[in-house]
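K.L.:
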């Protein structure tokens with residue numbers, strides 16, 4: 001039994017059973033549109049030697065994987081029984097590929113296994129008989145070897161439609177799942193809270209293994225004013241903030257020291273000039 005996936009400008013028949021197709025929308029896919037962000041093995045970061053057990057195939061050639069690694073459209077990623085990978089897309093969407101999965105990045109096509117998707121932007125999941133559309137949500141999709149697909153919504157909502165218009169669209173919300181068997185209408189079910197919590201813990205455990213992004217401190221530069229114009233708050237050379245200088249100025253004005261439109265010596269460039277000699 002086969003399934004048909006539609007790619008921009010073409011249509012082709014592929015013979016895998018079962019299959020899952022995920023489309024990235026609102027994105028012009030370039031040659032480098034995703035990054036292999038992390039490889040986890042047995043609930044810990046994989047060693048360089050263990051990373052080599054991950055299979056990445058590009059145009060029929062097996063590549064030597066590394067972290068991080070730029071992935072291209074059409075690359076195929078296969079995990080074994082102990083390997084999980086995290087892939088980040090240019091749109092901000094994150095996909096976790098669990099063990100024993102095979103995925104093609106020709107628009108994210110999963111032939112078998114589990115995908116946990118954190119969608120940032122339009123995302124569409126297509127099987128032979130159904131389409132699940134979503135935007136800005138989190139969901140788990142499982143493709144089994146008996147032509148079954150399940151979708152569990154962890155956050156947001158997912159709309160499921162029949163590719164052959166055999167049943168009315170179904171809107172899944174947080175805490176709901178759909179079971180799809182071939183062309184039959186999906187069975188909507190509530191997800192037990194303990195199941196949802198276990199899934200969230202599973203994802204949280206994975207995210208704790210991801211390398212933390214370096215913290216970026218706000219850039220705050222001292223500056224001088226050479227003429228009229230707007231000022232940007234910053235520290236002066238004495239370490240005071242703009243608000244502190246303003247309060248000092250108001251205090252001097254209240255005490256009768258007066259104000260001046262001229263820039264203070266503390267906020268303008270001082271250029272030393274030679275002292276003139278006394279003609280007398």
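Numbering (UniProt numbering), first residue to last: 1 to 280.
Each residue gets a CB set at the ideal place from its N, CA and C atoms; glycine is no exception.
Answer with buried or exposed for residue 21, where buried requires no fewer than 16 other C-beta atoms within 10 angstroms of its C-beta.
P.N.:
Here residue 21 refers to the residue found at position 21 of the chain shown. Low confidence applies here, because residue 21 scores a pLDDT of 39, under 50, leaving its location unreliable and the question unanswered by this model.
K.L.:
Where do the ends of the alpha helix (DSSP H) carrying residue 193 lie?
P.N.:
For the purposes of this step, residue 193 is taken as the residue at position 193 of the chain shown. Residues 193-208.
K.L.:
Over the uninterrupted beta strand (DSSP E) stretch that includes residue 82, give me the two end residues.
P.N.:
The residue given as residue 82 occupies position 82 in the chain shown. Careful: residue 82 lies outside any beta strand (DSSP E) and carries neither H nor E.
K.L.:
Going straight from the alpha carbon of residue 168 to that of residue 161, what length do you get?
P.N.:
Stepping through the chain shown from its first residue, residue 168 is reached at position 168. Stepping through the chain shown from its first residue, residue 161 is reached at position 161. Residue 168 and residue 161: Cα-Cα distance of roughly 7 Å.
K.L.:
What does residue 56 pair with, by DSSP beta-bridge criteria?
P.N.:
Reading the chain shown from its first residue, position 56 is the one you call residue 56. DSSP output for residue 56 lists 63, 77 as bridge partner(s).
K.L.:
In terms of residues, what are the limits of the beta strand (DSSP E) holding residue 161?
P.N.:
Here residue 161 corresponds to residue number 161 of the chain shown, with the count starting at 1. Here the beta strand (DSSP E) through residue 161 covers 157-162.
K.L.:
What residue does the alpha helix (DSSP H) around residue 50 start on, and which one ends it?
P.N.:
Your numbering for residue 50 matches position 50 in the chain shown. Taken as a continuous stretch (DSSP letters only), the alpha helix (DSSP H) holding residue 50 covers 48-51.
K.L.:
Straight-line CA distance for residue 66 to residue 101?
P.N.:
What you label residue 66 is simply residue 66 of the chain shown in a count that begins at 1. What you label residue 101 is simply residue 101 of the chain shown in a count that begins at 1. Straight-line Cα distance between these residues: approximately 19 Å.
K.L.:
For residue 165, does the three-state DSSP call read helix, strand or coil?
P.N.:
On the chain shown, position 165 is the one that residue 165 refers to. Three-state result, residue 165: coil.
K.L.:
For residue 45, name the three-state secondary structure that DSSP assigns.
P.N.:
The sequence position of residue 45 within the chain shown is 45, counting from 1. Strand, per DSSP.
K.L.:
Could you compute how far the alpha carbon of residue 35 sits from the alpha carbon of residue 86?
P.N.:
Here residue 35 refers to the residue found at position 35 when the chain shown is read from its first residue. Here residue 86 refers to the residue found at position 86 when the chain shown is read from its first residue. Distance between the alpha carbons of residue 35 and residue 86: 9 Å.
K.L.:
Mark residue 171 as exposed unless 16 or more other C-beta atoms lie within 10 angstroms of its C-beta, in which case mark it buried.
P.N.:
As a first step, residue 171 must be located in the chain shown, where it is residue number 171. With fewer than 16 other Cβ atoms within 10 Å, it is exposed.
K.L.:
Does the beta-carbon of residue 146 have 16 or more other beta-carbons within 10 angstroms, so that it is buried, or is it exposed?
P.N.:
Counting from 1 along the chain shown, the entry for residue 146 is found at position 146. Exposed.
K.L.:
Excluding sequence positions up to five away, which residues of its chain have a Cβ less than 7 Å from the Cβ of residue 300?
P.N.:
With the chain running from 1 to 280 in the structure shown, residue 300 is simply not present.
K.L.:
Run through the DSSP bridge pairs and tell me what residue 173 is partnered with.
P.N.:
Here residue 173 corresponds to residue number 173 of the chain shown, with the count starting at 1. Paired residue(s): 157.
K.L.:
Just the C-alpha distance for residue 43 and residue 166, rounded to the nearest angstrom, thanks.
P.N.:
Residue numbering aside, residue 43 sits at position 43 when the chain shown is read from its first letter. Residue numbering aside, residue 166 sits at position 166 when the chain shown is read from its first letter. If I take the Cα positions, the gap works out to 42 Å.
K.L.:
Could you compute how far the alpha carbon of residue 104 sits from the alpha carbon of residue 78?
P.N.:
Numbered from its first residue, the chain shown carries residue 104 at position 104. Numbered from its first residue, the chain shown carries residue 78 at position 78. Spanning the two alpha carbons is a distance of roughly 9 Å.
K.L.:
Where residue 244 and residue 53 are concerned, what is the direct C-alpha to C-alpha distance, given to the nearest angstrom?
P.N.:
Here the question's residue 244 lines up with position 244 in the chain shown. Here the question's residue 53 lines up with position 53 in the chain shown. For residue 244, the pLDDT reaches just 49, beneath the cut-off of 50, and the residue's location in the model is therefore unreliable, although a value from the coordinates is still provided. Near 59 Å, if we compare the C-alpha coordinates of residue 53 and residue 244.
K.L.:
Determine the closest residue to residue 69 out of 151, 190, 51, 80, with distance taken between C-alpha atoms.
P.N.:
Here residue 69 refers to the residue found at position 69 when the chain shown is read from its first residue. The residue with the shortest Cα to Cα distance from residue 69 is 51.
K.L.:
DSSP three-state call for residue 146: helix, strand or coil?
P.N.:
To locate residue 146, count along the chain shown from 1; it is residue 146. If DSSP states are grouped into helix, strand and coil, residue 146 belongs with coil.
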